[in-house]
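Chemist: Sequential numbering from 2 applies to the sequence shown in my numbering. Quick one: the structure is below, and I'll ask about it shortly.
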Amino acid sequence: MNALISLHDRLFTAIETRIAAPFLPALARLIFAGTLLVYYWNSGQTKLGDGIFGFLNPSFNAYAQILPRMSEAVSYDASQLGAFAHLLVIGATIGEFVLPLLIVLGLFTRLAALGMIGFVIAQTWVDIFGHGLSAEDAGSWFDVSPEGLIWDQRAFWMFLLIYLVVRGAGLLSLDALLRNRLTQPQENFA
Numbered sequence: 002m003n004a005l006i007s008l009h010d011r012l013f014t015a016i017e018t019r020i021a022a023p024f025l026p027a028l029a030r031l032i033f034a035g036t037l038l039v040y041y042w043n044s045g046q047t048k049l050g051d052g053i054f055g056f057l058n059p060s061f062n063a064y065a066q067i068l069p070r071m072s073e074a075v076s077y078d079a080s081q082l083g084a085f086a087h088l089l090v091i092g093a094t095i096g097e098f099v100l101p102l103l104i105v106l107g108l109f110t111r112l113a114a115l116g117m118i119g120f121v122i123a124q125t126w127v128d129i130f131g132h133g134l135s136a137e138d139a140g141s142w143f144d145v146s147p148e149g150l151i152w153d154q155r156a157f158w159m160f161l162l163i164y165l166v167v168r169g170a171g172l173l174s175l176d177a178l179l180r181n182r183l184t185q186p187q188e189n190f191a
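In structure tokens form, the structure reads like this:
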């Protein structure tokens with residue numbers, strides 16, 4: 002029995018150190034790209050105003066999606082919401098493009114994943130309290146259905162993002178490339 006336990010330990014220690022540690026972060030980023038990148042980019046596109054600088058002049062949809070109750074209170078006239086609301090909507094719109102892109106590229110991954118955690122928390126709050134999502138639609142943990150739009154799905158999103166905060170981007174990333182370039186001695190061309 003001790004030989005079997007020893008074999009088990011050697012095998013899974015090797016898998017963890019040689020395969021899991023370097024490549025699981027890249028797999029986490031791939032899963033993020035395959036499941037959430039297009040979701041956030043499509044959502045961000047609904048918030049863009051006209052022209053190349055449309056992110057600086059968000060659309061009506063941006064205010065209605067991000068600040069639904071405030072927008073309703075001013076009859077959806079965003080000009081009445083003030084500078085703070087405008088900056089919040091611009092920041093959220095830019096975040097929907099930049100943070101997912103940074104995660105997929107593996108650039109500043111820990112900070113981008115931390116930003117996405119904050120984004121998902123804010124998104125969840127707005128969905129439940131701002132848009133009035135029903136408890137039935139939101140779902141709940143420990144029920145018979147794994148299909149809840151908020152609590153079930155976003156728990157998986159959060160786990161993926163927390164993993165990237167803790168482990169970083171892995172070997173196959175711009176973070177690793179930059180780290181290697183910064184730690185290697187630079188040649189002197191003088």
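Ideal Cβ placement from N, Cα and C applies to all residues, glycine included.
1) Is the beta carbon of I151 closer than 8 Å to that of A170?
2) Helix, strand or coil: which one does DSSP assign to E148?
3) Nearest-angstrom Cα distance between Y40 and H132?
4) Consult DSSP for D78 and reduce its assignment to one of helix, strand or coil.
5) Three-state secondary structure (DSSP) at D10?
6) Where do the ends of the alpha helix (DSSP H) carrying M117 lie?
7) Quick check: the Cα distance between Q185 and L172, rounded to an integer number of angstroms?
Modeler: According to the data block:
1) no
2) coil
3) 19 Å
4) coil
5) helix
6) 110 to 126
7) Taking the straight line joining both Cα atoms gives about 16 Å.
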